[in-house]
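Note sheet for the following structure.
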Amino acid sequence: MKQLLITIVAVVLVGCSSNPKRVSGAEFQECIRLGASPMHIYEYIGEKDGKFYLRHKSMSLISKRKWNEKILYVEGSELDATFLKRLRAQSKKIVNLETTVN
929 MKQLLITIVA
939 VVLVGCSSNP
949 KRVSGAEFQE
959 CIRLGASPMH
969 IYEYIGEKDG
979 KFYLRHKSMS
989 LISKRKWNEK
999 ILYVEGSELD
1009 ATFLKRLRAQ
1019 SKKIVNLETT
1029 VN
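Structure representation (structure tokens):
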């Protein structure tokens, strides 16, 4: 029982980490390709200082109403040039949409 409690505390502490997690270029591209599924949502956030960021939401196994969220990032140098061009074009569309809405 004591070990179970220690394991639960460790999982909660690791899950509460708010620092973005670095992933490989291939993993980042795969996450973007996957997009959304019933249990996982990958959403491109944008670029800052040569790093590209992605939000990963996953449905809690305990409660279907609760979602866990992580921020993933990759260095731009690890991404394929064609993929990088598409991400930057997508960022411009998001910025243009925000300025037309406001």
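Start counting the sequence shown at 929; every next residue gets the next number (our numbering). Just so it is clear, CB atoms sit at the ideal spot from N, CA and C, and this is done for glycine as well.
Does the stretch 981-988 come close enough to the stretch 1008-1022 that 3 or more CB-CB pairs lie under 8 Å? no
Report yes or no: do three or more beta-carbon pairs, one from the stretch 951-969 and one from the stretch 1006-1013, lie closer than 8 Å? Segments in contact, yes.
Sort Y972, S986 and Y970 by Cα distance to K994 and report the nearest one. Your numbering for residue 994 matches position 66 in the sequence shown. Cα-wise, what sits closest to K994 is S986.
Whole-angstrom distance between R961 and L1025, CA atom to CA atom: Reading the sequence shown from its first residue, position 97 is the one you call residue 1025. Reading the sequence shown from its first residue, position 33 is the one you call residue 961. Residue placement at L1025 is poorly supported in this model, since its pLDDT is 48, which falls under 50; the coordinates still yield a value, given next. If I take the Cα positions, the gap works out to 22 Å.
Member of G963, G978 and D977 whose CA lies at the smallest distance from the CA of E971: Locating residue 971 in the sequence shown gives position 43, where the first residue counts as 1. Looking at the Cα atoms, G963 is the closest of the given residues.
Thinking C-alpha only, which one of L989, K998, E997 and E975 is nearest L1007? What you label residue 1007 is simply residue 79 of the sequence shown in a count that begins at 1. Among L989, K998, E997 and E975, the Cα nearest to that of L1007 is on E975.
Taking C-alpha atoms, which residue in N996, S952, N947 and P948 lies nearest to H968? What you label residue 968 is simply residue 40 of the sequence shown in a count that begins at 1. Residue N996 is the option with its Cα nearest to H968.
First through last residue of the beta strand (DSSP E) which encompasses L962: Residue mapping note: residue 962 aligns to position 34 of the sequence shown, counting from 1. From DSSP, L962 is part of no beta strand (DSSP E) but of the alpha helix (DSSP H) over G953 to L962.
Coil, strand or helix - F1004 by DSSP: Here residue 1004 corresponds to residue number 76 of the sequence shown, with the count starting at 1. The amino acid at residue 1004 is misidentified as Phe; the sequence shows Gly. In this structure, G1004 counts as helix in the three-state DSSP scheme.
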